[in-house]
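Undergrad: Okay, handing you the structure first.
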Amino acid sequence: PPSKLPESPYRPKLTKIDQGAFEDHVKFATSCTTSGDASLDAELKENLNNHRNLSHLKSMEGCLQFIHTATSANFDRFPATIWTYDTSKLPRSSKSMVSIMQYILTNYHKHCLCPSPLNSHERTPFIELLVPALSAFGKVTKLVSFQWCEKESLANKFVKMKEQDYNFKAGSRFMDAWLTRPSMNPSNSDFVSLAISFALSGLAEENTAHTIDDSIKLLECSTASLRLLAASWKNARYDTFKKSKVFCLHFVTNKVTLTATEARSPNHWTHIEPASCTIPLNWAGIFGFGSFFNLLAILFVSSAILLIYFTVAHSVFKYHIGGSEGDASFAKAA
5 PPSKLPESPY RPKLTKIDQG AFEDHVKFAT SCTTSGDASL DAELKENLNN
55 HRNLSHLKSM EGCLQFIHTA TSANFDRFPA TIWTYDTSKL PRSSKSMVSI
105 MQYILTNYHK HCLCPSPLNS HERTPFIELL VPALSAFGKV TKLVSFQWCE
155 KESLANKFVK MKEQDYNFKA GSRFMDAWLT RPSMNPSNSD FVSLAISFAL
205 SGLAEENTAH TIDDSIKLLE CSTASLRLLA ASWKNARYDT FKKSKVFCLH
255 FVTNKVTLTA TEARSPNHWT HIEPASCTIP LNWAGIFGFG SFFNLLAILF
305 VSSAILLIYF TVAHSVFKYH IGGSEGDASF AKAA
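This is the structure:
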């Protein structure tokens, strides 16, 4: 029907067979895949509206003004203009966000000196566009640590061992990078808070088969990490566990989609999209950075909140004695 729009390219996607396999375990709410859950669909709509309005950036004093200054700057004077922006009167979080944007835009200015041609070299856009941005995010905020490597997460291996699957090479899916939080618990040092996957496509076109496989990888890694957390904190109440989430970042050509995996019920995982955007490739596209910076602002705010939560929760978990109805639900989710 006319009301059914075609699926957006360069986004995480699943085949109908895969959706059928997941429907008993995962409820989706993304731009391309929905489960028909009215409350999740409403939350998705709110997320997309907030992202379209740059709500997180607007909540951080001085950030929109900085973007206006940057986009109005002359190319030759660009580095000097953005690095002399006055942040002395801004709150600490806003100063950090402006600093992240300064590093990213400096790399972007360097990239625009000689933009990469459109080609099918799969790792070029990932290395030139996304890695510097996320590196700046991690180094400035100090909230997270990145591991840039292609391997299976320890969480996946623990889950497989519990299910008596010791053949780790068969059918293993490897993440391209992941981000971990500072942990209060050494046994939980491999808890992944942001799983990163880039589909094996260059800037010229999308490899749909790899996009589908990477969508499954992100689900597998994020749910395994949450199950590892549940196994580490068996005495926690289920209502406490529900506050945990793992973010997933899917990168196809120069399109970025941020999703979050949570356990909102003992029987289903929830996989919902907070934001998606396009990273500009040339100087004419500089006005498009607002959407990417808002996506990073979502990660910034969420990571800060979750770090506080994990610090407090771990202190509580150390002294909590199990046995309540909530604990039983938690064990079921684990």
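One gets the numbering used here by counting positions in the sequence shown from 1 and adding 4 to each. Think of the CB as a built atom: it goes at the ideal place given N, C-alpha and C, for glycine as much as any other residue.
Among P284, T244, H29 and A308, which residue has its Cα nearest to the Cα of L109?
TA: On the sequence shown, position 105 is the one that residue 109 refers to. With distances taken between Cα atoms, L109 lies closest to P284.
Undergrad: When you compare each of D243, A137, P278 and N239 to L58 by their alpha carbons, which one comes out closest?
TA: Position 54 of the sequence shown holds residue 58. When only C-alpha atoms are compared, the closest one is P278.
Undergrad: A308 to Q106, Cα distance in whole Å?
TA: In the sequence shown, residue 308 corresponds to position 304, counting from 1. In the sequence shown, residue 106 corresponds to position 102, counting from 1. Those two C-alpha atoms are separated by around 20 Å.
Undergrad: Since I believe V144 is in contact with S98 (beta carbons under 8 Å), could you give me their beta-carbon distance rounded to a whole number of angstroms?
TA: Residue numbering aside, residue 98 sits at position 94 when the sequence shown is read from its first letter. Residue numbering aside, residue 144 sits at position 140 when the sequence shown is read from its first letter. So it is not a contact: roughly 12 Å between Cβ atoms.
Undergrad: Looking only at its own chain, which residues have a Cβ that is under 6 Å from the Cβ of A137, when we skip the five neighbours before and after it?
TA: As a first step, residue 137 must be located in the sequence shown, where it is residue number 133. Excluding sequence neighbours, A137 sits near I108.
Undergrad: From this set, L253, S236 and F251, which residue's C-alpha is nearest F245's C-alpha?
TA: Locating residue 245 in the sequence shown gives position 241, where the first residue counts as 1. Ranked by Cα distance from F245, the options L253, S236 and F251 are led by S236.
Undergrad: In this structure, does DSSP put C252 in helix, strand or coil?
TA: Numbered from 1 along the sequence shown, position 248 holds the residue referred to as residue 252. Strand at C252.
Undergrad: Just verifying my parser: in three-state terms, what is the DSSP assignment at H29?
TA: Locating residue 29 in the sequence shown gives position 25, counting from the first residue. It is coil, neither helix nor strand.
Undergrad: Would you decide whether L117 is buried or exposed? Buried here means 16 or more other CB atoms lie within 10 Å of its CB.
TA: Stepping through the sequence shown from its first residue, residue 117 is reached at position 113. The residue is exposed, with fewer than 16 neighbouring Cβ atoms inside 10 Å.
Undergrad: By DSSP's criteria, A46 is part of a beta bridge. Which residues make up the other side?
TA: The residue labelled residue 46 in the question sits at position 42 within the sequence shown. Paired residue(s): none; A46 is not in a bridge.
Undergrad: Closest to S219 by C-alpha separation, out of V260, M101 and F70, would be which residue?
TA: Counting from 1 along the sequence shown, the entry for residue 219 is found at position 215. Ranking V260, M101 and F70 by Cα distance to S219 puts V260 first.
Undergrad: Starting from the C-beta of K114, find all residues in its chain whose C-beta is less than 7 Å away, skip the five residues before and the five after it, and write them out in chain order.
TA: As a working note, residue 114 is residue 110 in the sequence shown. Excluding sequence neighbours, K114 sits near nothing in its chain.
Undergrad: In whole angstroms, what separates the C-alpha of G66 from that of N239?
TA: As a working mapping, residue 66 is identified with position 62 in the sequence shown. As a working mapping, residue 239 is identified with position 235 in the sequence shown. Distance between the alpha carbons of G66 and N239: 43 Å.
Undergrad: When the distance is taken between beta carbons, is G289 closer than 9 Å to C281?
TA: On the sequence shown, residue 281 is found 277 positions in, with the first residue counted as 1. On the sequence shown, residue 289 is found 285 positions in, with the first residue counted as 1. No, these two residues do not count as a Cβ contact at 9 Å.
Undergrad: On the three-state DSSP scale, how would you describe T88?
TA: Position 84 of the sequence shown holds residue 88. In this structure, T88 counts as coil in the three-state DSSP scheme.
Undergrad: Pull the bridge partners of F293 from the DSSP assignment, please.
TA: As a position in the sequence shown, residue 293 is number 289, starting the count at 1. BP columns for F293 are empty, so no partner.
Undergrad: DSSP beta-bridge partners for L230?
TA: The residue labelled residue 230 in the question sits at position 226 within the sequence shown. None, per the DSSP bridge assignment.
Undergrad: Along the chain, where does the beta strand (DSSP E) containing K259 start, and where does it finish?
TA: Position 255 of the sequence shown, counting from 1, holds the residue named residue 259. Run containing K259: K259 to S269, per the beta strand (DSSP E) assignment.
Undergrad: Given a cut-off of 9 Å on the beta-carbon distance, is the pair F304 and L133 in contact?
TA: Locating residue 304 in the sequence shown gives position 300, where the first residue counts as 1. Locating residue 133 in the sequence shown gives position 129, where the first residue counts as 1. Against a cut-off of 9 Å, the Cβ pair of L133 and F304 comes out as no contact.
Undergrad: Taking the C-alpha atoms as reference points, what is the distance between Y89 and G40?
TA: Looking up residue 89 in the sequence shown gives position 85. Looking up residue 40 in the sequence shown gives position 36. Between Y89 and G40, the C-alpha separation is close to 46 Å.
Undergrad: Within a Cβ cutoff of 6 Å, which residues of the same chain sit near R81, ignoring the five residues on either side of it in sequence?
TA: Locating residue 81 in the sequence shown gives position 77, counting from the first residue. Hits under 6 Å: none found.
Undergrad: Under 9 Å between C-beta atoms, does Q69 make it to chain C?
TA: In the structure shown, chain C does not exist; there is a single protein chain.
Undergrad: Within its chain, find whatever has a CB closer than 7 Å to the CB of A301; leave out the 5 residues flanking it on each side and keep chain order.
TA: One-based indexing of the sequence shown puts residue 301 at position 297. Result list for A301: H60, L61, M64 and M101, in chain order.
Undergrad: For my contact list, V250 and T265 are in at a C-beta cut-off of 8 Å; report their separation, rounded to the angstrom.
TA: Taking the first residue of the sequence shown as position 1, residue 250 is located at position 246. Taking the first residue of the sequence shown as position 1, residue 265 is located at position 261. Yes, they are in contact, since the Cβ atoms of V250 and T265 sit about 5 Å apart, within 8 Å.
Undergrad: Which whole-angstrom value is the C-beta distance of D28 and T38, which I expect to be below 8 Å?
TA: Along the sequence shown, one-based indexing puts residue 28 at 24. Along the sequence shown, one-based indexing puts residue 38 at 34. About 16 Å separates the two Cβ atoms, so there is no contact after all.
Undergrad: What does the alpha-carbon distance come out to for the pair A33 and I276?
TA: Indexing the sequence shown from 1 puts residue 33 at position 29. Indexing the sequence shown from 1 puts residue 276 at position 272. Between A33 and I276, the C-alpha separation is close to 5 Å.
Undergrad: Would you kindly work out how many angstroms separate the C-alpha atoms of A234 and H272, rounded to a whole number?
TA: Within the sequence shown, numbered from 1, the residue matching residue 234 stands at position 230. Within the sequence shown, numbered from 1, the residue matching residue 272 stands at position 268. Taking the straight line from one Cα to the other gives about 14 Å.
Undergrad: Does the Cβ-Cβ distance between L232 and A267 come in under 9 Å?
TA: Translated into the one-based positions of the sequence shown, residue 232 becomes position 228. Translated into the one-based positions of the sequence shown, residue 267 becomes position 263. With respect to the 9 Å criterion, L232 and A267 are not classified as neighbours on the basis of their beta carbons.
Undergrad: So is A42 buried or exposed if we call it buried at 16+ other beta carbons inside 10 Å?
TA: The count along the sequence shown starts at 1 and reaches residue 42 at position 38. Looking at its Cβ environment, which holds fewer than 16 other Cβ atoms inside 10 Å, A42 is exposed.
Undergrad: What residue from H55, T85 and E47 has the CA that sits closest to F296's CA?
TA: As a working mapping, residue 296 is identified with position 292 in the sequence shown. When only C-alpha atoms are compared, the closest one is H55.
Undergrad: Excluding the five sequence neighbours on either side, which residues of its own chain have a C-beta within less than 8 Å of the C-beta of T73, listed in chain order?
TA: Counting from 1 along the sequence shown, the entry for residue 73 is found at position 69. Contacts found: T85, I86 and Y89.
Undergrad: Can you give the Cα-Cα distance for S139 and W287, rounded to whole angstroms?
TA: Taking the first residue of the sequence shown as 1, we reach residue 139 at position 135. Taking the first residue of the sequence shown as 1, we reach residue 287 at position 283. Whole-angstrom Cα-Cα distance: 22 Å.
Undergrad: Name the DSSP bridge partner or partners of C281?
TA: Here the question's residue 281 lines up with position 277 in the sequence shown. DSSP lists V260 as partners of C281.
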